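First residue of the sequence shown: 21, per the numbering used here; consecutive thereafter.
Where is the CB? At the ideal position from N, CA and C, for every residue including glycine.
Since this is a predicted model, take the numbers as computed values, not measurements.
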Amino acid sequence: RKVLVFTAFADTATYLYDALIDWAHDELGINLALVSGGTVQNKTTFGKSDFNHILINFSPVAKHRAQIKSMPQDSEIELLIATDCISEGQNLQDCDYLVNYDIHWNPVRVIQRFGRIDRIGSINPKVQLVNFWPTQDLDKYITLKTRVEARMALVDLSATADDNLLNTEEIEELITEDLRYRDRQLKKLRDEVLDLEDFTETVALTDFSLDDFRTDLSHYIEKNRELLKNAPLGLYAVVPTDPAYPILQPGVIYCLKQNGEAVGTEVNPLQPHFLVYIQVDGVVRFGFTQPKQVLEIFRTLCAGNASPFEEQCRLFDQQTKDGADMNIYNDLLDKAVKSIEKSFRKRVTSHLITDRTAVLPTLQQQVTDKTDFELITWLVIR
């Protein structure tokens with residue numbers, strides 16, 4: 021009963037709003053709104069035109085509007101037209117129908133849009149994504165786009181070769197590989213709905229808001245400051261999978277810290293920290309480029325549990341011979357570190373391709389096979 025329409029351009033969003041307002045509001049009797057991150061003013065037929073007010077009135081259940089007494093409670097916004105300013109970190113799962121009025125050149129952005137409504141805690145039994153494609157001949161469009169992007173990237177590389185901290189041939193190979201990968205995903209997107217985890221290597225950390233986790237962490241630190249201060253590194257816990265979430269398979273979530281003075285970069289704003297969820301079969305389900313997903317899993321499995329899961333702990337002790345045989349988890353840790361190295365290199369390349377002002381991380385900030393990590397904590401999922 022709620023529709024979210026995405027477009028890449030603010031002018032297009034305004035056009036759609038102006039074209040639909042009379043029909044939607046007067047004939048259908050529904051409220052609609054426009055939000056944009058550009059110079060275009062937000063608009064709405066219900067409530068204030070403030071950015072946050074519009075999103076709360078569009079998704080009152082997920083946004084807990086009933087707890088905000090200053091907000092109107094008598095109606096809702098049923099149709100929201102938006103640019104990609106809300107394709108990141110917003111809980112809009114009251115909505116069950118999303119329309120891409122145009123397709124962003126990066127398929128990751130399309131999946132991020134869908135991620136606003138396809139979320140844990142959705143009140144809808146099903147959600148639907150509708151894409152409008154710009155051309156019937158997608159192959160020609162992709163070929164032209166790839167040639168232009170590759171040429172731009174190589175020009176950038178040749179202009180900054182003296183400052184380049186990575187092997188030039190290696191970067192050229194990664195550029196080609198990354199472009200082809202993205203093109204394959206764009207073609208695949210035309211025929212099916214993809215999950216966000218299919219785009220492990222190209223999702224930007226800045227595409228997600230971690231504010232809700234920071235709030236939880238802040239409250240916990242205030243209550244347990246002394247306990248955390250005295251806690252040793254390497255602490256771990258064992259938890260069971262949750263049948264309600266098939267995505268949660270047996271494995272391990274590792275929290276690692278890069279040694280040295282590395283600080284956050286555009287490739288990894290959380291640096292020197294890296295989160296990796298790896299399954300027991302060695303498949304990296306979520307890498308460091310997807311901290312929000314990893315943290316959501318962590319919170320789903322652990323929040324509110326103050327005592328150990330005795331059965332899982334007993335089985336873990338049997339498997340590891342009371343900690344004497346940790347080969348399985350050492351192997352998984354090695355694979356997790358290798359995935360961090362590979363993803364980091366691809367993220368650096370992708371950043372160079374997509375941002376003309378991008379610069380390479382310093383040698384100290386880069387992740388290579390020689391980078392040392394410290395194990396902060398780990399969570400065993402059985």
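Using 10 angstroms around the beta-carbon of residue i, count the other beta-carbons present and answer buried if the total reaches 16, otherwise exposed.
{"i": "Asp-354", "result": "exposed"}
{"i": "Val-150", "result": "exposed"}
{"i": "Tyr-265", "result": "exposed"}
{"i": "Ala-39", "result": "exposed"}
{"i": "Glu-98", "result": "buried"}
{"i": "Ile-348", "result": "exposed"}
{"i": "Ser-406", "result": "Given a span of 21 to 402 for the chain in the structure shown, any question on residue 406 remains unanswerable."}
{"i": "Pro-270", "result": "exposed"}
{"i": "Val-400", "result": "buried"}
{"i": "His-73", "result": "buried"}
{"i": "Thr-235", "result": "exposed"}
{"i": "Asn-350", "result": "exposed"}
{"i": "Ala-179", "result": "Below a pLDDT of 50, predicted positions are generally treated as unreliable, and Ala-179, at 49, falls in that range; the measurement from the model is reported next regardless. Result: exposed."}
{"i": "Glu-242", "result": "exposed"}
{"i": "Asn-244", "result": "exposed"}
{"i": "Pro-80", "result": "buried"}
Using the Cα positions of residue i and residue j, report the straight-line distance between them to the nearest angstrom.
{"i": "Asp-403", "j": "Thr-64", "result": "As displayed, the chain neither begins before 21 nor continues past 402, which places residue 403 out of reach and without an answer."}
{"i": "Ser-359", "j": "Leu-290", "result": "16 Å"}
{"i": "Gln-313", "j": "Phe-306", "result": "7 Å"}
{"i": "Leu-253", "j": "Arg-334", "result": "22 Å"}
{"i": "Thr-27", "j": "Phe-393", "result": "41 Å"}
{"i": "Leu-395", "j": "Gln-87", "result": "40 Å"}
{"i": "Glu-361", "j": "Asp-301", "result": "19 Å"}
{"i": "Ile-317", "j": "Lys-146", "result": "21 Å"}
{"i": "Leu-225", "j": "His-239", "result": "Bear in mind that a pLDDT of 34 at Leu-225, under 50, signals an unreliable position, so the number given afterwards is only what the model happens to contain. For Leu-225 and His-239, the distance between alpha carbons rounds to 23 Å."}
{"i": "Met-346", "j": "Val-357", "result": "17 Å"}
{"i": "Ser-90", "j": "Gln-299", "result": "45 Å"}
{"i": "Gly-343", "j": "Val-272", "result": "16 Å"}
{"i": "Pro-292", "j": "Arg-319", "result": "21 Å"}
{"i": "Asp-7", "j": "Arg-133", "result": "In the structure as shown, the chain begins at 21 and stops at 402. Residue 7 is therefore absent and cannot be evaluated."}
{"i": "Asp-46", "j": "Ser-69", "result": "19 Å"}
{"i": "Asp-42", "j": "Leu-48", "result": "9 Å"}
{"i": "Asp-262", "j": "Glu-96", "result": "34 Å"}
{"i": "Leu-237", "j": "Ser-327", "result": "19 Å"}
Please identify the residue among the options whose C-alpha is closest to the C-alpha of residue i.
{"i": "Leu-24", "options": "Val-300, Asp-46, Gly-49, Phe-78", "result": "Phe-78"}
{"i": "Tyr-274", "options": "Ile-140, Thr-261, Tyr-256, Arg-133", "result": "Tyr-256"}
{"i": "Ile-143", "options": "Leu-253, Ser-95, Gln-113, Ser-69", "result": "Gln-113"}
{"i": "Ala-102", "options": "Glu-96, Ser-95, Gln-110", "result": "Gln-110"}
{"i": "Asn-279", "options": "Val-272, Phe-294, Ile-267, Ile-140", "result": "Phe-294"}
{"i": "Lys-366", "options": "Val-130, Val-387, Ile-241, Asp-104", "result": "Val-387"}
{"i": "Gln-338", "options": "Val-258, Gln-93, Val-357, Cys-105", "result": "Val-258"}
{"i": "Tyr-297", "options": "Phe-336, Glu-47, Ser-69, Leu-352", "result": "Leu-352"}
{"i": "Ile-267", "options": "Glu-242, Val-304, Lys-277, Ile-241", "result": "Val-304"}
{"i": "Asp-94", "options": "His-84, Cys-105, Phe-66, Asp-104", "result": "Phe-66"}
{"i": "Leu-315", "options": "Ser-327, Asn-288, Lys-277, Phe-233", "result": "Phe-233"}
{"i": "Ser-363", "options": "Ser-327, Val-60, Phe-308", "result": "Phe-308"}
{"i": "Gly-135", "options": "Pro-263, Asp-262, Gln-310, Ile-41", "result": "Gln-310"}
{"i": "Phe-29", "options": "Asp-42, Val-60, Ile-41", "result": "Val-60"}
Output needed for residue i: all residues of its chain with C-beta closer than 6 Å, excluding positions within five of it in sequence on either side, in chain order.
{"i": "Cys-115", "result": "Lys-22, Leu-24, Ile-137"}
{"i": "Tyr-117", "result": "Val-23, Gln-148"}
{"i": "Thr-397", "result": "Leu-255, Cys-275"}
{"i": "Arg-85", "result": "Ile-76, Met-91"}
Excluding the 5 residues flanking residue i on each side, which residues of the same chain have their C-beta closer than 7 Å to its C-beta?
{"i": "Pro-260", "result": "Phe-329, Gln-332, Arg-402"}
{"i": "Phe-406", "result": "In this structure the chain extends from 21 to 402, so residue 406 is not present and cannot be described."}
{"i": "Ile-50", "result": "Ala-44, Glu-98, Leu-99"}
{"i": "Arg-139", "result": "Asn-111, Gln-113"}
{"i": "Thr-340", "result": "Met-346"}
Going by beta carbon distance, what residues of the same chain come within less than 8 Å of residue i, once the five residues before and after it are set aside?
{"i": "Gly-141", "result": "Ala-82, Asn-111, Gln-113"}
{"i": "Phe-152", "result": "Val-119, Asn-120, Tyr-121, Asp-122, Ile-123"}
{"i": "Leu-186", "result": "With a pLDDT of only 44 at Leu-186, under 50, the local geometry of the prediction cannot be trusted, and the value read off the model is given with reservation. Taken in chain order, the residues that qualify are Arg-365, Val-368, Leu-380, Gln-386."}
{"i": "Phe-336", "result": "Val-258, Val-400, Arg-402"}
Discussion item. For the structure I just gave you, are there three or more beta carbon pairs, one from the segment 243-255 and one from the segment 312-325, closer than 8 Å?
Written reply: Contact between the segment 243-255 and the segment 312-325 is not established, with fewer than three Cβ pairs separated by less than 8 Å.
Worksheet item: Are at least three pairs of beta-carbons, each pair with one atom in the segment 24-37 and one in the segment 45-58, less than 8 Å apart?
Response: Contact between the segment 24-37 and the segment 45-58 is present, because at least three Cβ pairs lie under 8 Å.
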